[in-house]
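Novice: Under this note's numbering, think of the first position of the sequence shown as 307, with each following residue one higher. Don't be surprised by glycine CBs; every beta carbon is placed ideally from N, CA and C. Take a look at the following structure, please.
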Amino acid sequence: MRYLRITEIMYEPNGGTVYEFIELKNTGPATLDLTGVRFTDGISFLFPSMLLGPGEEVVVVGDLVAFESRYGTGLNVAGVFGGNLNNGGEEVVLTLPEPFDAAILRFEYRESWYPSSAGPGFSLELRDPSVPARDWNRPESWQASSTIDGSPGGAIDLIPDDFPGWLAFYSLGPLEDADDDGLVALVEYSLGLDPTLNIGANGPASLPVASRSPAGRLAISFHLPVNGAAADGCGANEIVYTVESSDDLLDWIPLMEKTETTSFTGTGTAVLDPPFNGRVPVTITDDQNHPGHRFIRLRMSWLP
Numbered sequence: 307m308r309y310l311r312i313t314e315i316m317y318e319p320n321g322g323t324v325y326e327f328i329e330l331k332n333t334g335p336a337t338l339d340l341t342g343v344r345f346t347d348g349i350s351f352l353f354p355s356m357l358l359g360p361g362e363e364v365v366v367v368g369d370l371v372a373f374e375s376r377y378g379t380g381l382n383v384a385g386v387f388g389g390n391l392n393n394g395g396e397e398v399v400l401t402l403p404e405p406f407d408a409a410i411l412r413f414e415y416r417e418s419w420y421p422s423s424a425g426p427g428f429s430l431e432l433r434d435p436s437v438p439a440r441d442w443n444r445p446e447s448w449q450a451s452s453t454i455d456g457s458p459g460g461a462i463d464l465i466p467d468d469f470p471g472w473l474a475f476y477s478l479g480p481l482e483d484a485d486d487d488g489l490v491a492l493v494e495y496s497l498g499l500d501p502t503l504n505i506g507a508n509g510p511a512s513l514p515v516a517s518r519s520p521a522g523r524l525a526i527s528f529h530l531p532v533n534g535a536a537a538d539g540c541g542a543n544e545i546v547y548t549v550e551s552s553d554d555l556l557d558w559i560p561l562m563e564k565t566e567t568t569s570f571t572g573t574g575t576a577v578l579d580p581p582f583n584g585r586v587p588v589t590i591t592d593d594q595n596h597p598g599h600r601f602i603r604l605r606m607s608w609l610p
């Protein structure tokens, strides 16, 4: 969900609350599964079974008949939300599907930011989807719409899917940690994370996890971004993934490796599960049993 953005909020429209809406957009290169994603604060809404392709937008509305009477029937509407958007401002929270309880997006808007968005019928629009989520609570991250009634279906630039372009889009260096979650930009790009978010699945919770198989063999699990053009249908462009093992944390032995054009190969077993929310779960297991202490890690390298 790293590329999912709330891009427009119509909280005090002309004609009353029936014309309220929130627009979301997939700004990334992979299709997102929104099934079960929930608005849990501000409004209540449970997304039905649906996919959101790269560059596509979806709108949740206060009243379908009213919305279509104003904006037509050509827009992608997920459904009607419960409750109303607070004209004075409030916190809006978008949450992962149950049983997960992690916030995907969380921010608070204020009526005082742009008086023209309160009452006369202008909406709040996100200026730049690359702005860190911690800055979404600031008025400079938003702007009043240029037209009355807002602009559901408006354009936002897609985030590049090559590493240099991705870094330039976010104004980052490869070893910079812009959101202070302990993950540098190279790691966030490689694992399909959002470098502006440090909550839920976009924080340290998405780091690889070591375990033992039922047979006692060392294993490591992680998630790679969906990439239809890459081998195995996953993995960030220009990134080499190498799983390594060691018994002393000094000398590391390659176990399996994957590139953009090759599948995982080596002396281990790779299991790839079906993609979920734009990422593919991967588990690599060592084919050998090693007595005593053994360590395993995932190394990510940029290969232009």
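#1: Is it true that the CB of E550 sits closer than 8 Å to the CB of R605?
#2: Quick one: measure Cβ to Cβ for V398 and N382, integer angstroms, because I've assumed they're closer than 8 Å.
#3: DSSP has D339 in a bridge; who is on the other side?
#4: Please report the Cβ distance between L530 and V586, rounded to the nearest whole angstrom; I am assuming they are in contact, meaning their Cβ atoms lie under 8 Å.
#5: Pull the bridge partners of T548 from the DSSP assignment, please.
#6: Considering only the alpha carbon of each residue, which of D579, P580, G584, L561 lies closest to T573?
#7: If we ignore side chains and look at the alpha-carbon of each, how far apart do A372 and V532 end up?
#8: Skipping 5 residues on each side, what residues in its chain have a beta carbon closer than 6 Å to that of E494?
#9: Taking DSSP as the reference, what is the three-state secondary structure of G309?
#10: Please look up how many angstroms separate the CB atoms of S429 and S451, rounded, as I've assumed it's under 8 Å.
#11: Looking at F469 and S544, is the spacing between their C-beta atoms short of 8 Å?
#12: Would you check if the distance between the CB atom of F327 and the CB atom of L400 is smaller than 8 Å?
#13: Would a C-beta distance cut-off of 8 Å place T565 and L609 closer than the cut-off?
#14: With DSSP collapsed to three states, give me the class of N472.
#15: Tell me, please, which residues DSSP counts as bridged to Q449.
#16: Label I349 either buried or exposed according to how many other C-beta atoms from any shown protein chain fall within 10 Å of its C-beta, with 16 as the threshold for buried.
#17: Between which two residues does the alpha helix (DSSP H) containing E362 stretch?
#18: Quick check: the Cα distance between S519 and G368, rounded to an integer number of angstroms?
#19: Could you check the C-alpha separation between R433 and R444 for me, to the nearest Å?
#20: Going by beta carbon distance, what residues of the same chain come within less than 7 Å of T323, once the five residues before and after it are set aside?
#21: Thinking C-alpha only, which one of A516, G459, A542 is nearest L492?
#22: Expressed to the nearest angstrom, what Euclidean distance is found between the alpha-carbon atoms of D538 and Q449?
#23: Apply the 10 Å Cβ neighbour rule to P335 and answer buried if 16 or more other Cβ atoms are within range, or exposed otherwise.
#24: Is P531 helix, strand or coil when you go by DSSP?
#25: What's the gap between the Cα of F413 and the Cα of G427?
#26: Report yes if the C-beta distance between I590 and F570 is below 8 Å; otherwise report no.
#27: Should L370 go down as buried or exposed, given a rule of 16 or more other Cβ atoms within 10 Å for buried?
Specialist: According to the data block:
#1: Walking along the sequence shown from the start, residue 605 turns up at place 299. Walking along the sequence shown from the start, residue 550 turns up at place 244. Their beta carbons are under 8 Å apart, which means R605 touches E550 by this criterion.
#2: In the sequence shown, counting from the first residue as 1, residue 398 sits at position 92. In the sequence shown, counting from the first residue as 1, residue 382 sits at position 76. So it is not a contact: roughly 20 Å between Cβ atoms.
#3: If you number the sequence shown from 1, residue 339 lands on position 33. According to DSSP, which records beta bridges pairwise, D339 is partnered with L357.
#4: Counted from its first residue, the sequence shown places residue 530 at position 224. Counted from its first residue, the sequence shown places residue 586 at position 280. Yes, they are in contact, since the Cβ atoms of L530 and V586 sit about 5 Å apart, within 8 Å.
#5: Residue numbering aside, residue 548 sits at position 242 when the sequence shown is read from its first letter. E563, R605, per the DSSP bridge assignment.
#6: Here residue 573 refers to the residue found at position 267 when the sequence shown is read from its first residue. Nearest of D579, P580, G584, L561 to T573, Cα basis: L561.
#7: Counting from 1 along the sequence shown, the entry for residue 372 is found at position 66. Counting from 1 along the sequence shown, the entry for residue 532 is found at position 226. C-alpha separation (whole angstroms): 37 Å.
#8: Residue numbering aside, residue 494 sits at position 188 when the sequence shown is read from its first letter. So the list reads P501, once near-sequence residues are dropped.
#9: On the sequence shown, position 3 is the one that residue 309 refers to. Sequence inspection shows Tyr at residue 309; the Gly mentioned does not correspond to that position. The answer is coil: DSSP assigns Y309 none of H, G, I, E or B.
#10: Here residue 429 corresponds to residue number 123 of the sequence shown, with the count starting at 1. Here residue 451 corresponds to residue number 145 of the sequence shown, with the count starting at 1. Confirmed, about 4 Å.
#11: In the sequence shown, counting from the first residue as 1, residue 544 sits at position 238. In the sequence shown, counting from the first residue as 1, residue 469 sits at position 163. The sequence as given places Glu at residue 544; Ser does not occur at that position. Yes, Cβ-Cβ distance for E544 and F469 is below 8 Å.
#12: Numbered from its first residue, the sequence shown carries residue 327 at position 21. Numbered from its first residue, the sequence shown carries residue 400 at position 94. No; because the gap between Cβ atoms is not below 8 Å, this pair is not in contact.
#13: Sequence index remark: in the sequence shown, residue 565 carries index 259 (1-based). Sequence index remark: in the sequence shown, residue 609 carries index 303 (1-based). It is a contact, given that the beta carbons lie within the stated cut-off.
#14: Here residue 472 is taken as the residue at index 166 of the sequence shown, counted from 1. Residue identity check: residue 472 is Trp in the sequence provided, not Asn. The answer is helix: DSSP assigns W472 an H, G or I state.
#15: The residue you call residue 449 lines up with position 143 of the sequence shown. According to DSSP, Q449 bridges with E431.
#16: Reading the sequence shown from its first residue, position 43 is the one you call residue 349. Buried, since its Cβ has 16 or more Cβ neighbours within 10 Å.
#17: What you label residue 362 is simply residue 56 of the sequence shown in a count that begins at 1. Element bounds for E362: n/a, residue is neither H nor E.
#18: As a working mapping, residue 519 is identified with position 213 in the sequence shown. As a working mapping, residue 368 is identified with position 62 in the sequence shown. S519 and G368: Cα-Cα distance of roughly 49 Å.
#19: Sequence index remark: in the sequence shown, residue 433 carries index 127 (1-based). Sequence index remark: in the sequence shown, residue 444 carries index 138 (1-based). Approximately 11 Å, taken between the alpha carbons.
#20: As a working note, residue 323 is residue 17 in the sequence shown. Once the five neighbours on either side are set aside, the close Cβ partners of T323 are G368, N390.
#21: For the purposes of this step, residue 492 is identified with residue 186 of the sequence shown, where counting begins at 1. Of A516, G459, A542, the residue nearest in Cα terms is A542.
#22: For the purposes of this step, residue 538 is taken as residue 232 along the sequence shown, with counting starting at 1. For the purposes of this step, residue 449 is taken as residue 143 along the sequence shown, with counting starting at 1. Looking at the two C-alpha atoms, the distance is approximately 41 Å.
#23: Position 29 of the sequence shown, counting from 1, holds the residue named residue 335. When all chains shown are included, P335 counts as buried.
#24: Along the sequence shown, read from residue 1 onward, the residue named residue 531 stands at position 225. Reduced to three states, the DSSP call for P531 is strand.
#25: Mapped onto the sequence shown, residue 413 falls at position 107. Mapped onto the sequence shown, residue 427 falls at position 121. Computed Cα separation, rounded: 22 Å.
#26: What you label residue 590 is simply residue 284 of the sequence shown in a count that begins at 1. What you label residue 570 is simply residue 264 of the sequence shown in a count that begins at 1. Cβ atoms of I590 and F570: closer than 8 Å.
#27: Counting from 1 along the sequence shown, the entry for residue 370 is found at position 64. Looking at its Cβ environment, which holds fewer than 16 other Cβ atoms inside 10 Å, L370 is exposed.
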